[in-house]
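*Asks:* Okay, so the sequence shown: first residue is 126 according to this note's numbering, each after it adds one.
Let me begin by handing over the structure; questions about it come next.
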Amino acid sequence: MKRGLIMTLAVIVGIVVLCAAVFGGTYNRLVAGEETVSSAWSQVENVYQRRADLIPNLVETVKGYAAHERETLQGVVEARSKVSQMKLGADVVNNPQTLTQFQAMQGELSSALSRLMVVVERYPDLKANQNFLTLQSQLEGTENRIAVERRRFNEAAQAFNTIRRTFPNVIIANVMGFEKKAYFEAAAGAEQAPTVEFE
Numbered sequence: 126m127k128r129g130l131i132m133t134l135a136v137i138v139g140i141v142v143l144c145a146a147v148f149g150g151t152y153n154r155l156v157a158g159e160e161t162v163s164s165a166w167s168q169v170e171n172v173y174q175r176r177a178d179l180i181p182n183l184v185e186t187v188k189g190y191a192a193h194e195r196e197t198l199q200g201v202v203e204a205r206s207k208v209s210q211m212k213l214g215a216d217v218v219n220n221p222q223t224l225t226q227f228q229a230m231q232g233e234l235s236s237a238l239s240r241l242m243v244v245v246e247r248y249p250d251l252k253a254n255q256n257f258l259t260l261q262s263q264l265e266g267t268e269n270r271i272a273v274e275r276r277r278f279n280e281a282a283q284a285f286n287t288i289r290r291t292f293p294n295v296i297i298a299n300v301m302g303f304e305k306k307a308y309f310e311a312a313a314g315a316e317q318a319p320t321v322e323f324e
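Next comes the structure, spelled out in structure tokens:
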């Protein structure tokens, strides 16, 4: 009888230890995945901030050459201002609506910058100006970095969401409050190739 009780207790202790190990391992994987997503999001914010920091210099450089193109320049300044005013917390990755709003504001800024580059085409002296060429190169590099960091963020979010949705991780994730991460999505109309017209 005593031996049977010891065996029963050993089995119960073994089951508890096994459950704790599974829970602990799953919890740790979810925490690591969430930290990877947060780190990737920080890099996205970093490259968008780099772009926002470059814009005033670009606008001032163009302003000297294209003083009468105030509407285009004002559009860039206003779009940058909207982006700068949007306050984001670390929880943005858990909120698809906030991420979509952030992405829309960044899209407006990208559109305003594209219009600015069209204005620049009208000013050959500006295109040859070393300061402008440096800023344009920096801005192009930043746009490439934005694309890379957005891709990395989506990869981190996808990896986390996959871990979160698998069994038994989904149970632990729901109990411990790990939420699905949102993705960056292509802007509406991005599947359409832009048309280039020479006048």
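All residues carry an ideal CB built from backbone N, CA and C; glycine is no exception.
Do the stretch 154-166 and the stretch 285-299 meet, that is, are 3 or more Cβ pairs less than 8 angstroms apart?
*Replies:* Short answer: they touch.
*Asks:* Mapping DSSP to helix, strand and coil, what is A298?
*Replies:* Helix, per DSSP.
*Asks:* If the criterion is Cβ atoms closer than 9 angstroms, does the pair R240 and V201 meet it?
*Replies:* In contact: R240 and V201 (Cβ atoms closer than 9 angstroms).
*Asks:* Taking just the CA atoms, how far does Q199 sit from Y308?
*Replies:* Each residue's alpha carbon lies about 31 angstroms from the other.
*Asks:* Can you check whether the CB of Q283 is closer than 9 angstroms to the CB of L183?
*Replies:* Cβ atoms of L183 and Q283: not closer than 9 angstroms.
*Asks:* With respect to 8 angstroms, is the separation between the Cβ of S206 and the closest non-hydrogen atom of the ligand PLP below this value?
*Replies:* For the structure depicted, the ligand PLP is absent and the ligand set is empty, with no information on it obtainable.
*Asks:* What's the gap between the Cα of S167 and the Cα of I271?
*Replies:* Each residue's alpha carbon lies about 12 angstroms from the other.
*Asks:* Please report the straight-line C-alpha distance between P319 and F227, rounded to a whole angstrom.
*Replies:* Unreliable positioning characterises P319 in this predicted model, as indicated by a pLDDT of 46, which lies under 50. A coordinate reading is not provided.
*Asks:* In three-state terms, what does DSSP make of A307?
*Replies:* Coil.
*Asks:* Considering only residues of the same chain and omitting the five flanking positions on each side of E233, which have a CB-CB separation below 6 angstroms?
*Replies:* Counting only Cβ-Cβ distances below 6 angstroms, and skipping sequence neighbours, we find A204.
*Asks:* Go ahead and label V258 buried or exposed: buried means 16 or more other beta carbons lie within 10 angstroms of its beta carbon, across all protein chains shown.
*Replies:* For clarity, residue 258 is Leu in the given sequence; the question names Val instead. Classification for L258: exposed.
*Asks:* Keeping to the same chain, check which residues put their C-beta closer than 6 angstroms to that of R277; ignore five residues upstream and five downstream.
*Replies:* So the list reads A165, once near-sequence residues are dropped.
*Asks:* Quick check on the DSSP output: the alpha helix (DSSP H) that includes L264 runs from which residue to which?
*Replies:* First-last of the alpha helix (DSSP H) with L264: 255-290.
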